[in-house]
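If you read the sequence shown in this note's numbering, its first letter stands for residue 1, the second for the next number, and so on.
In this text, a Cβ means the ideal position worked out from N, Cα and C, and glycines have one as well.
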Amino acid sequence: MSKNLLKLILEGEQLSTEQMASILATTPEEIEKQMAALREQKILLGWRPVLNPSFEEDQRVRAVIELRVSPDVSGGFDRIADRVSQFDQVESCYLMSGGYDLLVIVNADNLYKVANFVHNRLARIDGVLSTSTHFMLRAYKESGFAISQPEHPDRPAVSQ
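Next up, the structure:
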């Protein structure tokens, strides 16, 4: 698989401006104007295709981390969530109800790097009371798409 093609797919758009204009019976310039407005208003944050993790060249480790936090008097949960979200390893961060406060999904090269991130970064943030890390072993469905199983189903793919 060409890394350049994969990069183009990940960073590109599903349809060209001309294709969208044709479908919507307008001009490519109008599509560009509307797309720019959607980005400026932070309605359109981006998009990307869903890849089957078993076909990725570089297997990455994904983990779900539950954080219990003590909300800040002035910033509530937002201050801590904003700080957590700034880390490059953090793919997603959600405020939750239930037994923990923040759900954090991280990506790293290996298990050690996830553990190191939790120990040296997340757990040391002022207001974080506890963490609980769960490693994703195998994906069965991602973003609404069923994922075909790898050739060796007896070996968990310790990544996605």
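Residue i versus residue j: straight-line alpha-carbon distance, rounded
{"i": "Pro28", "j": "Ser143", "result": "29 angstroms"}
{"i": "Ala63", "j": "Ile43", "result": "27 angstroms"}
{"i": "Phe135", "j": "Asp88", "result": "18 angstroms"}
{"i": "Arg68", "j": "Asp82", "result": "15 angstroms"}
{"i": "Val114", "j": "Tyr100", "result": "19 angstroms"}
{"i": "Val90", "j": "Ala139", "result": "18 angstroms"}
{"i": "Ala108", "j": "Asp72", "result": "29 angstroms"}
{"i": "Ile147", "j": "Ile125", "result": "36 angstroms"}
Beta-carbon separation (whole angstroms), residue i vs residue j, contact threshold 8 angstroms
{"i": "Val84", "j": "Leu122", "result": "7 angstroms"}
{"i": "Thr133", "j": "Ile80", "result": "Incorrect: roughly 17 angstroms between the Cβ atoms, too far for contact."}
First through last residue of the alpha helix (DSSP H) which encompasses residue i
{"i": "Arg83", "result": "76–85"}
{"i": "Ser143", "result": "Here Ser143 belongs to no alpha helix (DSSP H), and DSSP marks it neither H nor E."}
{"i": "His17", "result": "Position check: residue 17 holds Thr in this sequence, whereas His was assumed. Unbroken alpha helix (DSSP H) run through Thr17: 17–24."}
{"i": "Val114", "result": "111–117"}
Residue i, buried or exposed, once every other Cβ within 10 Å from all chains shown has been counted against 16
{"i": "Val106", "result": "buried"}
{"i": "Ala36", "result": "exposed"}
{"i": "Phe117", "result": "buried"}
Range of the contiguous beta strand (DSSP E) that encloses residue i
{"i": "Asn107", "result": "102–108"}
C-beta neighbour in chain B for residue i, strict 8 angstroms
{"i": "Leu44", "result": "Of the chains in the structure shown, none is chain B; there is only one protein chain."}
For the stretch 38–49 against the stretch 58–77, do three or more pairs of beta-carbon atoms, one drawn from each stretch, fall closer than 8 angstroms, so that the two count as touching? They do not touch, by the three-pair rule.
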